[in-house]
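Everything in the sequence shown is counted per the numbering used here, starting at 896 for the first residue and increasing by one. The beta carbon of each residue, even a glycine, is placed where N, CA and C say it ideally should be. Working notes for the structure below.
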Amino acid sequence: KKSSGKQWYQRRVRVPRFICVEPCDAACILENIEENTDGTKLCRGATESVMAGLNCGTPAKTAWPLLRDCCSAFLTLGDGWPIAAVRELHEQKIVAGESGCAGYAALIAARQNENLRQDLQLSDQAVILLINTEGATDAVLYNQIIGKQTT
């Protein structure tokens, strides 16, 4: 029985997974997903994370349908993870802000937690694309995180 090239390709294609990362105290996407809302529910947290760019009370109306329908997993992180990510990236000569490095912070958390790694389906053969969406937008906080003294 012959198979077409298209059938052969479809059986071997890898479907990308998108993981939404939010601060624990500003988990508006996750909370709206868990409660199966229309995306307008305010989050329960104080929205005071160091990940200032992610301190949203509600999902953006234009982003909500895409996030709801396309993300494979939803993850919240405490502030220690993006702080560790900023430091680690700084050591590699990469300037990343606390919100911009959220994806990398999630990867650090998954490296250290086997259950999370399994939940996110991250095997040793996983190919991961991370996008850093910001530099050091808060210079004072960035310098505090990396231990640089300012005068």
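In this model, D974 and R909 are separated by some 32 Å (Cα to Cα). Excluding five sequence positions before and after E926, the CB atoms of its chain that fall closer than 7 Å to its own CB belong to K936, C938 and R939, given in chain order. A distance below 9 Å separates the beta carbons of L970 and L1015. With the rule of 3 Cβ pairs closer than 8 Å, the stretch 975-985 does not count as touching the stretch 1006-1013. In summary, S994 is buried, with 16 or more beta-carbon neighbours lying within 10 Å of its beta-carbon over all protein chains present. Cβ neighbours of L962 within its own chain (closer than 7 Å, five residues either side excluded): C915, I924 and P954. Beta-bridge analysis with DSSP links V916 to L970.
DSSP, read as helix, strand or coil, puts P960 in helix. When the beta-carbon positions are compared, G948 and T1028 come within less than 9 Å of each other. Nearest to L1002 by alpha-carbon distance, out of K1043, D1019, V990 and E943, is D1019.
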